[in-house]
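What follows is a set of notes on a single structure, which appears directly below.
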Amino acid sequence: MPRVMRTPRTIEIDITNRCNLRCEYCYHFSSEGDVASDLPTDEWLAFFDELGRSSVMEVTLGGGEPFVREDITELIDGIVRNRMRYSVLSNGTLITEDQAAFLAGTRRCNHIQVSIDGSAPEVHESCRGAGTFRRAVHAIEVLQAHGVPVAVRVTVHHRNVRDLPNIARFLLDDLGLPSFSTNAASYLGLCRDHSAGIALTVEDRVLAMTTLESLNERYGGRIQAAAGPLAEVRMWREMVRKTAEGSAMGDCAGGCLSSCGGVFSKLAVRADGVYIPCTLLPGTVLGRITVDDLADLWSNHPELERLRTRQTLPLAGFEECGGCDYIPYCRGGCPGLSYTLTGSPYRPSPDACLRRFLRESGLGPGSFLAGNGVTP
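So for the sequence shown, the numbering used here puts the first residue at -2; every next one is plus one.
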């Protein structure tokens, strides 16, 4: 297993549950983590002081939409005052010229992540709402003008999968971004209610994989992914190849539920001040900020220890994995998505099953390895 850091390197905070948008695939709404109100400024500032004393290195502010908070600059000042770096996850629609100048002046901003889901308003706004595209693009432009690092995230879904070449051209050529990252709409939060029109079909998934691979080659590796179609095709191609060769998977700790290492270096906090292991496990309550000691909770909470030892649970022990040739190379997928789909984070996620994907897509291992099956 990875080594547990003495204190978390990163704290991910849903600084508010409020949002000016209601995107159809948002993982946050309709989740167990929803609460009625946000914490006051002084409670967050006291928490940031504790993080500084605990040698936490960086804070990620998400939500909700962080910029709906009138005190957002005061909160960021509290992070900076404690010598921590920070990132903000935003839809971009509320970021102003003055805020961009403030962010640049802090000199501790890792990046501001802005969501762009289309190359034109009609695609981007199909899930995010009217008027959101131009405002998000404006945010990117003013952040760039002030020298604030911008990280654009593209969520791939049924309505934009065929726009991916145009999205790449818009972000990398027209806006001049050094890179962008991708994931996929997952069966979480609001997407559970809209999955029929939002979630990727099997055909969409194959198309997204093939298209993103081709685009990434064309753009010299400037498209990134830790999850979603591009990450999946990289891992799954390697699994198919290694299975055919009967060789080891290199550094991949396959054969167990080892896909997520977040609990070894990160912790999350809900908008009501409740500690949770991850923003995708909002119902797993660990304690409360300014009440429970961070260092003690991090080192001794039994649920965190259980999530860490999840990495040692063999996939061969799960009935759904029986007889699978890919077990030695599989890592079981996201525990948060597994919880949503199976009711437990201690099971493999059905969405991460290569054998199931090959069966449903009609692609044989050889065809998948060769990149056949669809033309972008």
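Idealized CB from N, CA, C, for every residue including glycine.
{"Check": "Alpha helix (DSSP H) segment containing S34, residue limits", "Outcome": "Run containing S34: none; DSSP gives neither H nor E here."}
{"Check": "Coarse secondary structure for D269, derived from DSSP in three states", "Outcome": "coil"}
{"Check": "Neighbourhood of T208 by C-beta distance below 8 Å, restricted to the same chain and skipping five residues each side", "Outcome": "V158, L161, P162, P373"}
{"Check": "Nearest-angstrom Cα separation, counted from T337 out to V1", "Outcome": "26 Å"}
{"Check": "Buried or exposed (CB count within 10 angstroms, at least 16 for buried), M(-2)", "Outcome": "exposed"}
{"Check": "Distance cut-off 7 Å: S255 Cβ against heavy atoms of the ligand ATP", "Outcome": "The ligand ATP is not part of this structure, which contains no ligands at all."}
{"Check": "Validate contact between the segment 40 to 47 and the segment 88 to 107 using beta carbons, cut 8 Å, 3 pairs", "Outcome": "no"}
{"Check": "Between the CA atoms of A292 and T198 - distance to the nearest angstrom", "Outcome": "43 Å"}
{"Check": "Limits of the unbroken alpha helix (DSSP H) element including T207", "Outcome": "199 to 215"}
{"Check": "Residues near P274 in its chain [Cβ-Cβ closer than 8 Å; skip 5 each side]", "Outcome": "G259, V260, L264, A265, T281, L283, E300, L301, L304"}
{"Check": "Residue closest to M232, alpha-carbon to alpha-carbon, out of Y326, L18, H143, R219", "Outcome": "Y326"}
{"Check": "Inter-stretch contact at 8 Å, needing at least 3 Cβ pairs: the segment 304 to 319 / the segment 70 to 86", "Outcome": "no"}
{"Check": "Residue burial classification, T152 (beta-carbon count within 10 angstroms, cutoff 16)", "Outcome": "buried"}
{"Check": "Candidates I12, G115, A98: closest to L140 by CA position", "Outcome": "A98"}
{"Check": "C-alpha distance - E154 paired with A196, whole-angstrom precision", "Outcome": "The displayed chain sequence assigns His, not Glu, to residue 154. Going by the C-alpha atoms only, they are around 6 Å apart."}
{"Check": "Pairwise C-alpha distance: T103 and G361", "Outcome": "52 Å"}
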